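Q:
Number of protein chains: 2
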Amino acid sequence: MSNYQHILIAADFSTHNTLVCEKAREIADRNQAKLSICHIVEDYPITDFAYEPMISVDIDMRDALLGSGKKQIAELAKIIDIPAENQWVEFGNPNHDIVRLAEENKVDLIVAGSHGRHGIQLLLGSTANGILHHAKCDVLAVRLQDN
Amino acid sequence: MSNYQHILIAADFSTHNTLVCEKAREIADRNQAKLSICHIVEDYPITDFAYEPMISVDIDMRDALLGSGKKQIAELAKIIDIPAENQWVEFGNPNHDIVRLAEENKVDLIVAGSHGRHGIQLLLGSTANGILHHAKCDVLAVRLQDN
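Residue numbers (this note's numbering), protein chains in the order written: chain P, 1 to 147; chain Y, 1001 to 1147.
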């Protein structure tokens, strides 16, 4: 059986992201695999009290959010030595766009942090959970200790 | 960062279980980790049409199910060289008892097969999904190609 060839980190900027990144780097090294990192900025429309979409994130705010995401990803990527061309920050739906990026780039392992879930959070699920349902490749959920 | 020390396969006897086992063996070898395998036989009470529990699985049937599970696990374990003392087959709730076994035995990575989910199956979730919610360690979901 072949090793993993291309590993993708799905970063969510939790406080424990460095742990996920370091684990992914270690697995990549052990598999001699290419390592990439992505972050999907969620495009929430701002809604009024009647739950009608009122205004979507405007262009300036969108640029600011994307810029901030790219900066944070670049900092993480520097720690674990991922070149700029393997850093992807986009607007979209995390569950679907992480899986799409993985497919487009022939990723065979997605690594994501997994938070403890309780009560309503358990019902709502998590990004790791959404990826797990939709991914066509293996998914490693790295357990993070929640505060 | 330390490697994985003890890897646990959560086997569900799908047609692709060998793939999950071989992948887990490969990861265990690469990490020089101990490898164990478990299977939890679900203890469904048999219900009547009014959805009242009518009869629970009786002792003979319980023994037969456990025996069959142990035989199948032993066959899988033989392929990937797991000794009898690291094979655990029990009655219970897969989500909770896999996680419990992992905690009791200081497992730091659970490996489970992940099937594609559609429609109602997506809502009901899967074993990999249940493990993901409850595990206190990392979880690798190995994507199985459904027929």
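In this text, a Cβ means the ideal position worked out from N, Cα and C, and glycines have one as well.
What you are looking at is a predicted structure, and each value in this text was computed from that prediction instead of being measured.
(1) Comparing the C-beta of Leu123(P) with each C-beta of chain Y, is any distance below 8 Å?
(2) Distance, Cα to Cα, Phe91(P) vs Arg62(P)?
(3) What's the gap between the Cα of Glu75(P) and the Cα of His39(P)?
(4) Report buried or exposed for Asn1093(Y), applying the criterion of at least 16 other Cβ atoms within 10 angstroms of its Cβ.
(5) For the stretch 5 to 17 of chain P against the stretch 98 to 112 of chain P, are there 3 or more C-beta pairs whose distance is under 8 Å?
(6) Just grab the DSSP bridge partners of Val1089(Y) for me.
(7) Helix or strand or just coil, what does DSSP make of Asp108(P)?
(8) Looking at the C-beta of Asp1081(Y), does it have a partner C-beta in chain P at a distance below 8 Å?
(9) Within the 8 Å Cβ cut-off, does Lys153(P) reach chain Y?
(10) Please list, in chain order, all residues of the same chain as Leu1124(Y) whose beta carbon is under 6 Å from its beta carbon, the five residues on each side excluded.
(11) Counting only beta-carbon separations shorter than 8 Å, does Ala135(P) have a partner in chain Y?
(12) What do you get for Lys23(P), buried or exposed, if any count of 16 or more other CB atoms within 10 angstroms of its CB means buried?
(13) Nearest CA to the CA of Ile1059(Y): which residue from Asp1043(Y), Ile1098(Y), His1133(Y)?
(14) Compare the C-beta of Asp12(P) against all C-beta atoms of chain Y and say whether one is closer than 8 Å.
(15) If you draw a straight line from the C-alpha of Val1041(Y) to the C-alpha of Glu1103(Y), how long is it?
(16) Taking Ile73(P) and Val99(P) to be in contact with their CB atoms under 8 Å, please state how far apart those CB atoms are, rounded to whole angstroms.
(17) Tell me whether the beta-carbon of Cys137(P) lies closer than 8 Å to the beta-carbon of Ile80(P).
(18) Look at the alpha carbon of Glu1026(Y) and the alpha carbon of Ala64(P), and state the distance between them as a whole number of angstroms.
(19) Kindly identify the DSSP beta-bridge partner or partners of Ala1141(Y).
(20) Does Arg30(P) get closer than 8 Å to chain Y when you measure Cβ to Cβ?
(21) If you run the structure through DSSP and keep just helix, strand and coil, what is Ala1033(Y)?
(22) Straight-line CA distance for Leu1019(Y) to Leu1144(Y)?
(23) Return no unless some Cβ of chain P is closer than 8 Å to the Cβ of Leu1132(Y).
(24) Alpha carbon to alpha carbon, what distance is there between Asn1129(Y) and Ile14(P)?
(25) What residues from chain P crowd round Arg1100(Y), counting only those whose CB sits closer than 9 Å?
(26) Can you tell me where the beta strand (DSSP E) holding Ala1084(Y) begins and where it ends?
(27) On the premise that Ile1037(Y) lies in contact with Ile1158(Y), defined as a C-beta separation below 8 Å, what is that separation, rounded to the nearest angstrom?
(28) DSSP three-state label for Leu1123(Y), please.
(29) State the CB to CB distance for the pair Val1107(Y) and Ala141(P), rounded to an integer number of angstroms; the pair is presumed to be in contact (CB under 8 Å).
(30) Nearest by alpha-carbon distance to Asn17(P): which of Tyr4(P), Ala77(P), Gly67(P), Asn3(P) is it?
(31) Just verifying my parser: in three-state terms, what is the DSSP assignment at Ile1080(Y)?
A: Taking the structure as given:
(1) Only weak support exists for where Leu123(P) lies, its pLDDT of 49 falling under 50; the coordinates are left without a value.
(2) Cα to Cα, Phe91(P) sits roughly 8 Å from Arg62(P).
(3) Answer to the nearest angstrom: the Cα atoms are 13 Å apart.
(4) Looking at its Cβ environment, which holds fewer than 16 other Cβ atoms inside 10 Å, Asn1093(Y) is exposed.
(5) Contact holds between the stretch 5 to 17 of chain P and the stretch 98 to 112 of chain P, because three or more Cβ pairs, one in each stretch, are under 8 Å apart.
(6) Answer is His1039(Y), bridged to Val1089(Y).
(7) Here Asp108(P) sits in coil by DSSP.
(8) It does not: the Cβ of Asp1081(Y) has no partner Cβ on chain P nearer than 8 Å.
(9) Because chain P spans 1 through 147 in this model, residue 153(P) falls outside it and cannot be assessed.
(10) Residue confidence for Leu1124(Y) is low, a pLDDT of 49 falling below 50, so the modelled location carries little weight; the figure read from the coordinates is stated next. Contacts found: none.
(11) Closer than 8 Å: yes.
(12) So Lys23(P) ends up on the buried side.
(13) Taking each of Asp1043(Y), Ile1098(Y), His1133(Y) in turn and checking the Cα distance to Ile1059(Y), the smallest one comes out for Asp1043(Y).
(14) At a cut-off of 8 Å between beta carbons, Asp12(P) makes no contact with chain Y.
(15) Rounded to the nearest angstrom, the two C-alpha atoms are 19 Å apart.
(16) About 18 Å; that fails the 8 Å criterion.
(17) No, the Cβ-Cβ distance between Cys137(P) and Ile80(P) is not below 8 Å.
(18) Straight-line measurement puts the Cα of Ala64(P) at about 44 Å from the Cα of Glu1026(Y).
(19) Ala1141(Y) pairs with Val139(P), Ala1112(Y).
(20) Yes, contact with chain Y.
(21) Residue state, collapsed to three classes: coil.
(22) Going by the C-alpha atoms only, they are around 8 Å apart.
(23) Interface annotation, Leu1132(Y): in contact with chain P, CB-CB separation under 8 Å.
(24) It is Ser, not Ile, that sits at residue 14(P) in the sequence shown. When only Cα atoms are considered, Ser14(P) and Asn1129(Y) end up about 21 Å apart.
(25) Per Cβ cutoff of 9 Å: no residues; Arg1100(Y) is ~15 Å from chain P at best.
(26) No beta strand (DSSP E) contains Ala1084(Y), which DSSP labels as neither H nor E.
(27) With chain Y covering only 1001 through 1147, there is no way to say anything about residue 1158(Y).
(28) Legend: pLDDT at Leu1123(Y) = 49, less than 50; position of this residue unreliable, no value from coordinates given.
(29) Incorrect: roughly 14 Å between the Cβ atoms, too far for contact.
(30) Distance from the Cα of Asn17(P) is smallest, within the candidate group Tyr4(P), Ala77(P), Gly67(P), Asn3(P), for Ala77(P).
(31) Here Ile1080(Y) sits in coil by DSSP.
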